[in-house]
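Residue numbers (the working numbering): 455 to 514.
Beta carbons: idealized from backbone N, C-alpha and C, even for Gly.
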């Protein structure tokens with residue numbers, strides 16, 4: 455796959471994640487995320503952000 459198509463896929467995945475977080479953290483959430491789950495997910499996202507920053511640095 456090309457870099458452009460991977461970025462398109464990444465954008466779709468982020469949009470899907472955003473929707474899932476909205477559904478599971480809103481006032482009407484049927485099964486809200488626990489505080490521990492929130493911390494774990496946030497830590498995983500921070501790791502992914504760091505990897506993306508490293509990849510972006512390679513393009514500089």
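- Query: Whose CA, out of 502, 483, 504 and 479, lies closest to the CA of residue 492?
  - Reply: Position 38 of the chain shown, counted from the start, is the residue given in the question as residue 492. The option with the nearest alpha carbon to residue 492 is 479.
- Can you tell me the Cα-Cα spacing of residue 469 and residue 499, whole angstroms? Working through the chain shown from its first residue, we reach residue 469 at position 15. Working through the chain shown from its first residue, we reach residue 499 at position 45. Spanning the two alpha carbons is a distance of roughly 14 Å.
- Relative to the C-alpha of residue 506, which residue among 485, 482 and 461 is closest? Within the chain shown, numbered from 1, the residue matching residue 506 stands at position 52. Among 485, 482 and 461, the Cα nearest to that of residue 506 belongs to 461.
- Message: Tell me the DSSP secondary structure of residue 480 in three-state form.
- Response: Here residue 480 refers to the residue found at position 26 of the chain shown. Coil at residue 480, not helix or strand.
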